[in-house]
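Here's the structure we're looking at; comments come further down.
Number of protein chains: 2
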Amino acid sequence: MKNPVITPTREVRIFCAASCVGHDEKKGPLGDCFDLHDDKDTFGQKTWEGSESEMQRLALNAALAKAKLKSEDIDLLLAGDLLNQCIGSSFGLLSFQIPYLGLYGACSTAAESILLASLLCGGGYVKRAAAVTSSHNCSAERQFRYPIEYGGQRTPTSQWTVTGSGAFLLENAASGGSGSVQVAQVMPGRAIDKGITDANNMGAAMAPAALDTLDRYFRATGTAPSDFDLILTGDLGREGSKILRDLCAAAGFPIDSVHSDCGLLIYPPDSAGADKHAGGSGCGCSAVVLASHILPQLEKGILRDILFIGTGALMNPMSIQQGNSIPSIAHLVRLTSVQDIN
Amino acid sequence: MKNPVITPTREVRIFCAASCVGHDEKKGPLGDCFDLHDDKDTFGQKTWEGSESEMQRLALNAALAKAKLKSEDIDLLLAGDLLNQCIGSSFGLLSFQIPYLGLYGACSTAAESILLASLLCGGGYVKRAAAVTSSHNCSAERQFRYPIEYGGQRTPTSQWTVTGSGAFLLENAASGGSGSVQVAQVMPGRAIDKGITDANNMGAAMAPAALDTLDRYFRATGTAPSDFDLILTGDLGREGSKILRDLCAAAGFPIDSVHSDCGLLIYPPDSAGADKHAGGSGCGCSAVVLASHILPQLEKGILRDILFIGTGALMNPMSIQQGNSIPSIAHLVRLTSVQDIN
Chain R
2 MKNPVITPTR EVRIFCAASC VGHDEKKGPL GDCFDLHDDK DTFGQKTWEG
52 SESEMQRLAL NAALAKAKLK SEDIDLLLAG DLLNQCIGSS FGLLSFQIPY
102 LGLYGACSTA AESILLASLL CGGGYVKRAA AVTSSHNCSA ERQFRYPIEY
152 GGQRTPTSQW TVTGSGAFLL ENAASGGSGS VQVAQVMPGR AIDKGITDAN
202 NMGAAMAPAA LDTLDRYFRA TGTAPSDFDL ILTGDLGREG SKILRDLCAA
252 AGFPIDSVHS DCGLLIYPPD SAGADKHAGG SGCGCSAVVL ASHILPQLEK
302 GILRDILFIG TGALMNPMSI QQGNSIPSIA HLVRLTSVQD IN
Chain V
2 MKNPVITPTR EVRIFCAASC VGHDEKKGPL GDCFDLHDDK DTFGQKTWEG
52 SESEMQRLAL NAALAKAKLK SEDIDLLLAG DLLNQCIGSS FGLLSFQIPY
102 LGLYGACSTA AESILLASLL CGGGYVKRAA AVTSSHNCSA ERQFRYPIEY
152 GGQRTPTSQW TVTGSGAFLL ENAASGGSGS VQVAQVMPGR AIDKGITDAN
202 NMGAAMAPAA LDTLDRYFRA TGTAPSDFDL ILTGDLGREG SKILRDLCAA
252 AGFPIDSVHS DCGLLIYPPD SAGADKHAGG SGCGCSAVVL ASHILPQLEK
302 GILRDILFIG TGALMNPMSI QQGNSIPSIA HLVRLTSVQD IN
């Protein structure tokens, strides 16, 4: 493929977003940004899986309410989560009755859903699309590791699955979209496997995928890290972020001065008593940080041009038990502030 | 949404397809159609999950070989399967190093992947895309029900997960695509839940989703069942097909004379000793039947205008254990023979 970077045919805006989080996320440094939260993490449901679905419903509901739209105003839902067979999304979004395409990109799904929504809106296929993703610490722990009641010891490189859901509404600007954040370009990632087999070190598995995506993007566009206000990775955490910065420096494009990671932004460090070890992870991590902390800065023009790189580890517990290493992926979305462009 | 039907902006063709199946599928009535098979169902791998991944690799490899293309000639992969976290696709397609977007639509994923590939090729975003899906009876049985060694008794309404993978190559006709099967229109399905809780009767859960999609399509386009040579559902099986036909007749558009179902085509009836009960199911079912039995008839102009409706049940074993009913979805792809159009 000569140029893997794709530009939506018509201008596409993220015109509204909303987030819904649990107790620990609300108490974290970004707590004030989030739209909805539940201190008990249950969201009134009897099962953790039900709680995760309810977060998706609440996040999309909140986004629609903020935009003063009804579900019939949205032409297409693009959604996914980490649960087996993506039941967080299928149950959570059932009541909206919007045509629905399910995605699986592990923790990169927020970026994947925005990427596809922007191309479909930009191609004139749909007027408005919603991109929704979630993760829940308790449903993820018992599915991927141990039930939380077991009290399993966590390694220093392990990350903490964020309890949260983010919903983004996108619209083709030609059809009246009034948002001030534009999806300027997107680039799908490739699955990359560098042989990491430690399921408690997802950051190390995902960092090479982020490097591959950044390297291909910079080559294809002739840009460099300094051209951007921010290079925001999804959930590499402390370990993966350090590895990515080292890899980028070795590849000749150091990113230290512009790099940040949603998994590092959402919780305080362990030295402040957070017990989150290497930081946040999960589909919900990058979704809620982007929706509620980063987008407002783009809307105000505080940030003008950023690369958002959703990172995901494409494994499951059985693939690890069978001795396989962890393929990872990183999808890129370039977001610009329309304040700056006009 | 005023009109949920979407037409690719430029003409898009499925210019090549290939399939890879297991023992029982090869011995079935369509056995001669399939490109590759392994009588032992292992495809030389040590685990059933590895076998499923290997089928995806073989199917895409075969499609590329038939088209005389290399992996770098394909701009984008759209793929998915039934395994937790879609590891069939991520491991199976890793070696191609093609930008990859993972999908989850349960057994509707073949239709979902063709739908998205046609819109992205038709929008001019990519020149060529590949849509790949799979299921494997042994990996699905142990994940969704019991390991096959357990010998669990199956109910009469239960379906048999097909061991198979199908790969489709799509190209925008303006960029030189020479195939003779056009993706004329597509329509994403809505998640529909009519309260079915019996995980051994997926046909009953999925039939109402197929009805919803057909009903919306006929209303939006002003067409009727008699306008098509074939209305092909993915894997409703015997039980679900009967329910869909009854539902369509009650809704005023009987489909009996043009309806067929991939799950009914792939195996002989139990009266002939097949032991497949209500028929085939799984992502691989509609993928291999479409790729190797239906597409050749469109290529030759024997079929001229068909509706392919991928059906999927969006549950997992835990959602069933927690007492939830089974939301389902049906994505529509209208395929026409270019022989007829020109």
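For the protein sequence lines, the chains are R and V, in the order given. For the first sequence, the residue numbers in my numbering are 2 to 343. For the second sequence, the residue numbers in my numbering are 2 to 343. Ideal Cβ positions, reconstructed from N, Cα and C, are used throughout, including at glycine.
What do you reckon, are the CB atoms on residue i and residue j nearer than 8 Å?
| i | j | result |
| --- | --- | --- |
| G51 of chain V | H38 of chain V | no |
| E368 of chain V | G165 of chain V | Any property of residue 368 of chain V remains undetermined from this structure, which presents chain V solely from 2 to 343. |
| V13 of chain R | Q183 of chain R | yes |
| S114 of chain R | L121 of chain R | no |
| C284 of chain V | D82 of chain V | yes |
| T312 of chain R | T234 of chain R | yes |
| L299 of chain R | S261 of chain R | no |
| E142 of chain R | T162 of chain R | yes |
| D194 of chain R | L78 of chain V | no |
| L171 of chain R | A132 of chain R | yes |
| G167 of chain R | A331 of chain R | no |
| L31 of chain V | E53 of chain V | no |
| L265 of chain R | S287 of chain R | no |
| I15 of chain V | G180 of chain V | yes |
| A175 of chain R | R11 of chain R | yes |
| L245 of chain V | A200 of chain V | no |
| F347 of chain V | I307 of chain V | There is simply no residue 347 of chain V to check, as chain V begins at 2 and stops at 343 in what is shown. |
| C21 of chain R | A80 of chain R | no |
| I7 of chain V | Y126 of chain R | yes |
Assuming residue i and residue j are in contact, meaning their beta carbons sit under 8 Å apart, how far apart are those beta carbons, in whole angstroms?
| i | j | result |
| --- | --- | --- |
| M203 of chain V | S282 of chain V | 6 Å |
| G238 of chain R | G280 of chain R | 4 Å |
| S320 of chain R | F92 of chain V | 7 Å |
| V334 of chain R | V187 of chain R | 5 Å |
| P100 of chain V | A192 of chain V | With a Cβ gap of about 28 Å, P100 of chain V and A192 of chain V do not count as contacting. |
| V259 of chain R | P226 of chain R | 5 Å |
| I310 of chain R | T214 of chain R | 6 Å |
| Q86 of chain R | M207 of chain V | With 8 Å as the limit, Q86 of chain R and M207 of chain V do not qualify as a contact, their Cβ atoms being about 14 Å apart. |
| K67 of chain R | A19 of chain R | 6 Å |
| A64 of chain V | C17 of chain V | 5 Å |
| S140 of chain R | W49 of chain R | 4 Å |
| G124 of chain R | G124 of chain V | 4 Å |
Given a threshold of 16 other Cβ atoms within 10 Å of its Cβ, counted over all protein chains shown, does residue i qualify as buried or as exposed?
| i | result |
| --- | --- |
| P209 of chain R | buried |
| T134 of chain R | buried |
| A273 of chain V | exposed |
| D257 of chain R | exposed |
| R129 of chain R | buried |
| K41 of chain R | exposed |
| I342 of chain V | Low local confidence applies: a pLDDT of 47 at I342 of chain V is under 50, so the model's placement there is unreliable, with the coordinate-based value given in what follows. So I342 of chain V ends up on the exposed side. |
| I303 of chain R | exposed |
| P5 of chain R | buried |
| C34 of chain R | buried |
| K47 of chain V | exposed |
| P9 of chain R | buried |
| D276 of chain V | exposed |
| Y147 of chain R | exposed |
| Q160 of chain V | buried |
| E240 of chain V | buried |
| E73 of chain V | exposed |
Starting from residue i and walking both ways along the beta strand (DSSP E), at which residues does that stretch end?
| i | result |
| --- | --- |
| S136 of chain V | 129-136 |
| G311 of chain R | 306-314 |
| I321 of chain V | Note, I321 of chain V: premise wrong, no beta strand (DSSP E); alpha helix (DSSP H) at 318-322. |
| T222 of chain R | T222 of chain R -> not in any beta strand (DSSP E); alpha helix (DSSP H) instead, spanning 203-222. |
| A80 of chain V | 77-82 |
Since residue i is in the alpha helix (DSSP H), which residue starts that stretch and which ends it?
| i | result |
| --- | --- |
| Y101 of chain V | Per DSSP, Y101 of chain V belongs to no alpha helix (DSSP H); it is in the beta strand (DSSP E), 101-103. |
| C122 of chain R | 110-123 |
| I25 of chain R | According to the sequence shown, residue 25 of chain R is Asp rather than Ile. Counting along the chain, the alpha helix (DSSP H) containing D25 of chain R begins and ends at 24-27. |
| S91 of chain V | 88-93 |
| V290 of chain R | 284-290 |
| Q186 of chain V | Looking at the DSSP string, Q186 of chain V is not in any alpha helix (DSSP H); the run it does join, the beta strand (DSSP E), is 182-188. |
Chain A partners of residue i, CB-CB under 7 Å?
| i | result |
| --- | --- |
| P189 of chain V | Absence of chain A from the displayed structure is noted, the protein chains being R and V. |
- Task: Taking only beta carbons into account, state which residues of the stretch 260-285 of chain V come closer than 7 Å to chain R, listed in chain order.
- Result: none
- Residues in the stretch 84-106 of chain V having any Cβ partner in chain R nearer than 8 Å: L84, N85, Q86, C87, I88, S91, F92, L94, L95, Q98, I99, P100, Y101, L102, G103, L104, Y105, G106
- Message: What are the residues in the stretch 45-58 of chain R lying within 7 Å of chain V by C-beta distance?
- Response: Correct list: T48, E50.
- Task: For the stretch 190-223 of chain R, enumerate the residues whose C-beta is nearer than 7 Å to any C-beta of chain V, in chain order.
- Result: G190, R191, A192, D194
- Query: According to a CB-to-CB cut-off of less than 7 Å, which residues of the stretch 291-317 of chain V neighbour chain R?
  - Reply: L315, M316, N317
- Query: Just by C-beta distance, which residues in the stretch 4-16 of chain V are closer than 7 Å to chain R?
  - Reply: P5, I7, T10
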